[in-house]
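Enquirer: Chains as they are written, first to last, in our numbering: chain A, 12 to 252; chain B, 78 to 362. Heads up, the beta-carbon is just placed ideally off N, CA and C, and yes, glycines get one too. Because the structure is a prediction, the values reported are computed rather than measured. I am attaching a structure below and will ask some questions about it afterwards.
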Amino acid sequence: MGAPTVAEPLLVVDGISAGYLDQDVVHQVGLTMDAGDAVAVIGSNGAGKTTLFRAVCGMLAASRGGVHFGGVDITGWRAHRIARAGVAYVPAERHLFPEMSVRDNLSLGAYPRRPDATRMALVFDLFPRLGERARQHAGTMSGGEQQMLAVGRALMSKPRLLMLDEPSTGLAPKLAAEAYAALAELRRQGLTILVAEQQVPMALGLADRAYVLENGRVELEGTSTELAQNPDVRRAYLGVA
Amino acid sequence: MKAAILDGIVLGLQYGLLGVGLTLVFGLAGVLNLAHGQLAVLAAIIAALTIDAGAAVGLAALVGILCAAGANLFLDRTLMQPVYRLRGESRVLLGLLLMLGVAFVIDGFLEWRYPIEALSLRIGGDPIPILGVNMRVGSLLASAIAVAAGAALLVFFRGTTTGRAVRSVIQDEDGARLCGINPAFVRALVFALSGALAGLVAITRSMTSPVTVTEGITLTTLALIVAVVGGLGSVSGAFLAGILLGIVDRVSSFYIGTYITTIMLLAAAAITIVVRPSGLLGARR
């Protein structure tokens, strides 16, 4: 019974295939991350990033392969169960509750527990704007505020893994940079983050490692520094000839 | 006139209680429960039979309400399962047709087995004057129960975690799943709640007039009108619409004649659909 020498990975995606109407969009994708990691999945629009994320968090059934989270096989679990197990997913469309206040949206993030006041204070600390608008309906807020609320709601469950799909989507460059600054702060506090992004420079700035997804397959993987210097990546995603 | 309006409010509270059960199930599951009135009648007949068997009125009412809740929960877990696999228009259509079938089955069974059974709860006591109009105790008790039920629903939906979870599924089902909320559990809960509300309205209605086995279709139609006018999915909308329609019902019956009331109510629903498709307090989609 000695101390474990190698920590078990937090998330293992094992050769997963998934898609819609019997047509796979993602083909045998593998991905591993340890607790405390920040990992990016980069690729162009339609590369399969969203499909991969939806399959990992149970919003979509995988046609083959499996997912382990915290050492537990969560393959085939339904989304609400995976969420309760500690995976918080922030989809690009956000899926907020438009006719509920900011505070009620955040409270539901803690479901089935009662919302924790210190946790909510922490979210308001990270996004002061949400605190100012606690009583406003989510549906009446700007895109940037909705993105903050979606992240805030995900944080309310004290997740062990935060997954974000295109957090920069629909945001002006300045707001997108602010969103990434908030993610960097969460990372510094030790949160494990998996982000899908087509704004590659921002994603590589946040993550230690990244996977490049093309036509539903992992074409490349490596540290963010390696990938940022890779000529193919520079040509395809960083706008460098 | 004052008497007609007060009568209308009494009737309208019953309409609201009737509509709210239908509106919740539609808002949540996209199922238009055309057997809602039949569930109410089922509760009434079960309560009447329980009283015939010698049980106390309160206990019999509770048995009726629980049976309606159980029946609706059973429908959710069995007959409605194929419906939930569909989306959009085909979901609404299949749900509506299956529930129409259920309505025929309940109607047919009750008319065959218990053709002359009816629930009639006579509440004694001298009429109580309200604003100079003598109101029957039964009417006032039925209204008080409807108001209490409406208030309890509002507290549940605004003030409790489970109630907020129900609203979250109505507003964005995927968002709810991401928060760890199980939509199937919420649906089962709301079907049971809706069935219980149908049962409750049968009990309160029987305090002012007998609920007979043939009344299902009338109750379903009324529930549908109330839900459309109030806005499908809106609790306060159902009660507001119920009271307005109750007043329309009593005032038109007082000045024109009873024969006109159903036409007036249907016209109110038709006008609502044209002028304000989302209903009085419904969400605009």
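#1: Got a sec: which bits of the region 234 to 261 of chain B sit with their beta carbon under 8 Å from any beta carbon on chain A, in order along the chain?
#2: Using only the alpha-carbon positions, how far apart do V134 (chain A) and V244 (chain A) sit?
#3: Using only alpha-carbon positions, find the residue among A:R89, A:R92 and A:Y31 that is nearest to T62 (chain A).
#4: Starting from the C-beta of M176 (chain B), find all residues in its chain whose C-beta is less than 6 Å away, skip the five residues before and the five after it, and write them out in chain order.
#5: I think A124 (chain B) touches I280 (chain B), with their Cβ atoms under 8 Å apart; what is that distance to the nearest whole Å?
#6: To be precise: take each residue of the region 164 to 175 of chain A, compare its Cβ to all Cβ atoms of chain B, and keep it if any distance is under 8 Å. Which residues remain?
#7: Do we get a CB-CB distance below 7 Å when we pair H106 (chain A) with the residues of chain B?
#8: Would you mind reading off the limits of the beta strand (DSSP E) that contains Y336 (chain B)?
#9: I want to verify the contact list: residues of chain B whose CB lies under 7 Å from the CB of A90 (chain A), in sequence order.
#10: Which chain B residues are close to R95 (chain A), counting only those with a beta carbon under 8 Å from its beta carbon?
#11: Can you list the beta strand (DSSP E) stretches of 3 or more residues lying completely in the region 184 to 271 of chain B, in chain order?
#12: With 9 Å as the C-beta to C-beta threshold (strictly closer), list the residues of the region 107 to 133 of chain A near chain B in chain order.
#13: Mind pulling the beta strand (DSSP E) runs of 3 or more residues that sit fully within the region 54 to 138 of chain A?
#14: Can you tell me where the alpha helix (DSSP H) with D129 (chain B) in it begins and where it stops?
#15: Roughly how many whole angstroms lie between the Cα atoms of V223 (chain A) and Q209 (chain A)?
#16: Short check: CB of L322 (chain B) to CB of L342 (chain B), under 7 Å?
#17: Assuming contact is defined by CB atoms lying nearer than 7 Å, are L163 (chain B) and L171 (chain B) in contact in what I supplied?
#18: From the DSSP secondary-structure annotation, give me the bridge partner or partners of D5 (chain A).
#19: With distances taken from CA atoms, which of B:L156, B:Q91, B:Y161 and B:D153 is nearest A225 (chain B)?
#20: Sort A:R140, A:A121, A:V37 and A:G26 by Cα distance to V78 (chain A) and report the nearest one.
#21: For a test of the three-state rule: what should DSSP assign to A318 (chain B), helix, strand or coil?
#22: I want to verify the contact list: residues of chain B whose CB lies under 9 Å from the CB of L70 (chain A), in sequence order.
#23: Does chain B have any CB closer than 7 Å to the CB of M12 (chain A)?
#24: Quick check on DSSP: helix, strand or coil for L194 (chain A)?
#25: Does the region 81 to 93 of chain A come within contact of the region 249 to 260 of chain B, defined as at least 3 CB pairs closer than 8 Å?
#26: Checking contacts by CB at 7 Å: is Y191 (chain A) closer than that to chain B?
#27: Looking only at DSSP bridge pairs, what is Y222 (chain A) linked to?
#28: Report yes or no: do three or more beta-carbon pairs, one from the region 114 to 126 of chain A and one from the region 232 to 244 of chain B, lie closer than 8 Å?
#29: Take the Cβ of R362 (chain B) as the centre, count every other Cβ of all protein chains shown within 10 Å, and call the residue buried at 16 or more, exposed below.
#30: Since I believe T236 (chain A) is in contact with G47 (chain A) (beta carbons under 8 Å), could you give me their beta-carbon distance rounded to a whole number of angstroms?
Expert: Concretely, from the data shown:
#1: T238, R241, A242, R244, S245, Q248, D249, D251, G252, A253, R254, L255, C256, G257, I258, N259 and P260
#2: The count along the first sequence starts at 1 and reaches residue 134 (chain A) at position 123. The count along the first sequence starts at 1 and reaches residue 244 (chain A) at position 233. So the two alpha carbons sit approximately 35 Å from each other.
#3: Here residue 62 (chain A) corresponds to residue number 51 of the first sequence, with the count starting at 1. Considering only alpha carbons, the answer is A:Y31.
#4: Your numbering for residue 176 (chain B) matches position 99 in the second sequence. Within the same chain, M176 (chain B) has close Cβ partners N110, L111 and A112.
#5: Within the second sequence, numbered from 1, the residue matching residue 124 (chain B) stands at position 47. Within the second sequence, numbered from 1, the residue matching residue 280 (chain B) stands at position 203. Beta-carbon to beta-carbon, A124 (chain B) and I280 (chain B) are separated by about 7 Å, close enough to satisfy the 8 Å threshold.
#6: R164, A165 and S168
#7: Within the first sequence, the letter at position 95 stands for residue 106 (chain A). Answer yes: the Cβ-Cβ gap between H106 (chain A) and chain B drops below 7 Å somewhere.
#8: Along the second sequence, one-based indexing puts residue 336 (chain B) at 259. Counting along the chain, Y336 (chain B) falls outside any beta strand (DSSP E), and DSSP gives it neither H nor E.
#9: By 1-based counting over the first sequence, the position of residue 90 (chain A) is 79. What A90 (chain A) touches in chain B: R254 and L255.
#10: For the purposes of this step, residue 95 (chain A) is taken as residue 84 along the first sequence, with counting starting at 1. What R95 (chain A) touches in chain B: G257.
#11: 205 to 207 and 210 to 212
#12: L107, F108, P109, E110, M111, D115, N116, S118, L119, G120, A121, Y122, P123, R124, R125 and P126
#13: 73 to 80 and 98 to 101
#14: As a first step, residue 129 (chain B) must be located in the second sequence, where it is residue number 52. Per DSSP, D129 (chain B) belongs to the alpha helix (DSSP H) from H113 to D129.
#15: The residue given as residue 223 (chain A) occupies position 212 in the first sequence. The residue given as residue 209 (chain A) occupies position 198 in the first sequence. Taking the straight line from one Cα to the other gives about 10 Å.
#16: Within the second sequence, residue 322 (chain B) is the residue found at index 245, counting from 1. Within the second sequence, residue 342 (chain B) is the residue found at index 265, counting from 1. In this structure, L342 (chain B) lies closer than 7 Å to L322 (chain B) by Cβ.
#17: Stepping through the second sequence from its first residue, residue 163 (chain B) is reached at position 86. Stepping through the second sequence from its first residue, residue 171 (chain B) is reached at position 94. The answer is yes: Cβ separation under 7 Å.
#18: No answer is possible for residue 5 (chain A): it lies beyond the span of chain A, which begins at 12 and ends at 252.
#19: Your numbering for residue 225 (chain B) matches position 148 in the second sequence. Residue B:Q91 is the option with its Cα nearest to A225 (chain B).
#20: Here the question's residue 78 (chain A) lines up with position 67 in the first sequence. Nearest of A:R140, A:A121, A:V37 and A:G26 to V78 (chain A), Cα basis: A:G26.
#21: What you label residue 318 (chain B) is simply residue 241 of the second sequence in a count that begins at 1. Here A318 (chain B) sits in helix by DSSP.
#22: As a position in the first sequence, residue 70 (chain A) is number 59, starting the count at 1. Per the sequence shown, the amino acid found at residue 70 (chain A) is Met instead of Leu. For M70 (chain A), the residues of chain B that pass the 9 Å Cβ criterion are D251, R254 and L255, in the order they occur in the chain.
#23: Sequence index remark: in the first sequence, residue 12 (chain A) carries index 1 (1-based). Note that M12 (chain A) has pLDDT 47, beneath the 50 cutoff, so the model's placement of it is unreliable and no number is given.
#24: Numbered from its first residue, the first sequence carries residue 194 (chain A) at position 183. L194 (chain A) falls in the helix class under three-state DSSP.
#25: yes
#26: Looking up residue 191 (chain A) in the first sequence gives position 180. So, not an interface residue.
#27: For this step, residue 222 (chain A) is matched to residue 211 along the first sequence. In the DSSP output, where bridge partners are listed per residue, Y222 (chain A) has A:V52 and A:E232.
#28: yes
#29: Your numbering for residue 362 (chain B) matches position 285 in the second sequence. With a pLDDT of only 43 at R362 (chain B), under the threshold of 50, the placement of this residue in the model should not be trusted; the figure read from the coordinates follows. Exposed, by the Cβ-count rule.
#30: In the first sequence, counting from the first residue as 1, residue 47 (chain A) sits at position 36. In the first sequence, counting from the first residue as 1, residue 236 (chain A) sits at position 225. At roughly 18 Å, the Cβ-Cβ gap does not stay under 8 Å, so G47 (chain A) and T236 (chain A) are not in contact.
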